[in-house]
Amino acid sequence: MNTSDLNGETLDGILKRLRRIEGQVRGLQKMVEEGRPCEEVLTQMTATRKAMESASTLILQEFLTLCALDIAKGDTQKPAQIAAMLRKFAG
Numbered sequence: 012m013n014t015s016d017l018n019g020e021t022l023d024g025i026l027k028r029l030r031r032i033e034g035q036v037r038g039l040q041k042m043v044e045e046g047r048p049c050e051e052v053l054t055q056m057t058a059t060r061k062a063m064e065s066a067s068t069l070i071l072q073e074f075l076t077l078c079a080l081d082i083a084k085g086d087t088q089k090p091a092q093i094a095a096m097l098r099k100f101a102g
């Protein structure tokens with residue numbers, strides 16, 4: 012599956028999250044450059060990590076949905092692809 016296979020709404024949601032993450036990372040760089048307190052920087056890093064996890068979950072959900080449809084059509088290779096993707100996601 013490629014990201015081009017995602018439905019428009021899912022793709023838009025992922026791109027929106029990634030743009031927000033990009034802004035968060037730029038904010039983190041600025042915070043460090045300004046010498047902001049470590050607690051503030053770590054709080055922002057945690058928020059950024061959670062945003063990445065959210066975007067990853069959207070992609071994984073769509074991947075699993077599309078794989079389930081392929082399995083229903085008789086694709087016998089999808090279970091191995093699902094297992095490999097889950098190992099990456101959990102890793």
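Residue 12 is where the sequence shown starts when you use this note's numbering, and the numbers rise one by one after that. Ideal Cβ positions, reconstructed from N, Cα and C, are used throughout, including at glycine.
Nearest-angstrom Cα separation, counted from residue j out to residue i
{"i": "Met12", "j": "Phe74", "result": "7 Å"}
{"i": "Ser15", "j": "Thr68", "result": "17 Å"}
{"i": "Met96", "j": "Asp86", "result": "16 Å"}
Residue i burial status per 10 Å Cβ neighbour count (16 or more: buried)
{"i": "Leu17", "result": "buried"}
{"i": "Lys84", "result": "exposed"}
{"i": "Ala89", "result": "Looking at the sequence shown, residue 89 is not Ala but Lys. Buried: at least 16 other Cβ atoms inside 10 Å."}
Cβ neighbours of residue i in the same chain (closer than 7 Å, five flanking residues each side left out)
{"i": "Gln35", "result": "Gln55, Ala58, Thr59, Ala62"}
Coarse secondary structure for residue i, derived from DSSP in three states
{"i": "Ser45", "result": "It should be pointed out that residue 45 corresponds to Glu in this sequence rather than to Ser. In this structure, Glu45 counts as coil in the three-state DSSP scheme."}
{"i": "Leu17", "result": "coil"}
{"i": "Met12", "result": "coil"}
{"i": "Gly102", "result": "coil"}
Unbroken alpha helix (DSSP H) run spanning residue i, endpoints
{"i": "Gln88", "result": "Unbroken run through Gln88: none, as it is neither H nor E."}
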